[in-house]
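Trainee: Counting in our numbering, the sequence shown runs from 5 upward without gaps.
Before I ask anything, here is the structure I am working with.
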Amino acid sequence: MIRAVIFDVGECLVDETAGWGAWADWLGVPRHTFSAVFGAVVARGDDWREVFEEFRPGFDLGAEREAREEAGLPQTVTEEDLYPDVRDTLATLRADGLWLGIAANQNARAGRHLRELFASDVDLIGLSDDWGTAKPDPAFFARLTSLVPAEPHEMLYVGDRLDNDIRPAAAAGMHTALVRRGPWATLQHHTKKAEKAPTFRVESLLELSGLIAHFNENHR
């Protein structure tokens, strides 16, 4: 049975469109151009940070984040950035009696915003900055499974990427759900790996409640 559901953040709970647009503005690059280059980086399978190198070689992400803070243009995550199915999904899964968590690669500032948004909705908010390890490192998922009051095979990890979310979570013994949104999931959706790897494939997080109920009914 699935007793716990843990969510990724970017392009799972949070629509990152505004955030990437803000980076394009900071770099002085047209948003359309930034998006096109970002897509090329993702399609090549490169780390997303490489997009900054395309426009500014030697780009220091940490230093630029600080510079944005000093300029009064910090990175933020607000209610408006959440996908429209998030609140109803969390409320429904909670009503279903499931333990809920968030575990993702996020910095400390983003973590503060996430705790403001979700502290009353989930049982755990775990961040790479706090844990000192990041996806897809097995240590990240080992830390996660150690904190959830269920066995790994009773957990469902929900994310938008095969490489960072689905495959490493499955390797840790967890069930997985691939949500089709954002650049990674859109590009990967029709691949054989994306068809076979996850336990569930969903277009909306609202599908999870019914899928989990059906799965649990057949695995009692």
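Think of the CB as a built atom: it goes at the ideal place given N, C-alpha and C, for glycine as much as any other residue.
(1) Do you know how far the Cα of ASP12 is from the Cα of ASP141?
(2) Around the Cβ of ASN168, are there at least 16 other Cβ atoms within 10 angstroms (buried) or fewer (exposed)?
(3) Whole angstroms is fine: what's the gap from GLY105's alpha carbon to GLY130's?
(4) Measure how close the beta-carbons of TRP103 and ALA217 come, nearest whole angstrom, since I'm counting them as under 8 Å.
(5) Between GLY62 and TRP52, what straight-line distance do the alpha-carbon atoms span, to the nearest angstrom?
(6) Taking LEU104 as part of the beta strand (DSSP E), name the residues at either end of that continuous run.
(7) Sorted by chain position, which residues of the same chain lie with C-beta nearer than 6 Å to GLU84's C-beta, five sequence neighbours on each side aside?
(8) DSSP state of ILE6, grouped into three classes?
(9) Do the region 175-183 and the region 204-219 touch if we need at least three Cβ pairs shorter than 8 Å?
(10) Consult DSSP for LEU17 and reduce its assignment to one of helix, strand or coil.
(11) Does DSSP classify VAL55 as helix, strand or coil?
(12) Helix, strand or coil for VAL183, going by three-state DSSP, please let me know.
(13) I need the DSSP call for LEU77, collapsed to helix, strand or coil.
(14) Use the C-beta contact count for GLU70: other C-beta atoms within 10 angstroms, 16 or more gives buried, fewer gives exposed.
(15) Count the other CB atoms within 10 Å of the CB of LYS139; is the residue buried (16 or more) or exposed (fewer)?
(16) So which of LYS196, PHE56, VAL18 has the shortest CA-CA distance to ASP29?
(17) Note the first and the last residue of the continuous beta strand (DSSP E) segment covering ARG116.
(18) Can you say whether THR21 is buried or exposed, counting buried as having 16 or more other CB atoms within 10 angstroms of its CB?
(19) Taking the DSSP output, what are the residues bridged to TYR161?
(20) Under the rule that 16 or more other beta-carbon atoms within 10 Å means buried, what is PRO153, buried or exposed?
(21) Alpha carbon to alpha carbon, how far is GLY101 from HIS193?
Mentor: The structure says:
(1) Near 15 Å, if we compare the C-alpha coordinates of ASP12 and ASP141.
(2) Under this definition ASN168 is a buried residue.
(3) Their Cα atoms are separated by approximately 8 Å.
(4) Contact check for TRP103 and ALA217: beta-carbon distance about 15 Å, past the 8 Å limit, so the pair fails to qualify.
(5) Spanning the alpha carbons of GLY62 and TRP52 requires a straight line of approximately 15 Å.
(6) Going by DSSP, LEU104 is part of the beta strand (DSSP E) stretching over 103-108.
(7) Nothing meets the Cβ criterion.
(8) In the structure shown, the three-state DSSP call for ILE6 is coil.
(9) Contact between the region 175-183 and the region 204-219 is established, with three or more Cβ pairs separated by less than 8 Å.
(10) In this structure, LEU17 counts as coil in the three-state DSSP scheme.
(11) Residue state, collapsed to three classes: helix.
(12) Secondary structure of VAL183 (DSSP, three-state): strand.
(13) The answer is coil: DSSP assigns LEU77 none of H, G, I, E or B.
(14) Looking at its Cβ environment, which holds fewer than 16 other Cβ atoms inside 10 Å, GLU70 is exposed.
(15) By the neighbour-count rule (16 or more Cβ atoms within 10 Å), LYS139 is buried.
(16) Of the listed residues, the one whose Cα sits closest to ASP29 is PHE56.
(17) No beta strand (DSSP E) holds ARG116; the alpha helix (DSSP H) holding it covers 112-122.
(18) Its Cβ having fewer than 16 others within 10 Å, THR21 is exposed.
(19) In the DSSP assignment, the residues bridged to TYR161 are ILE10, THR180.
(20) It counts as exposed.
(21) Cα-Cα distance, rounded: 30 Å.
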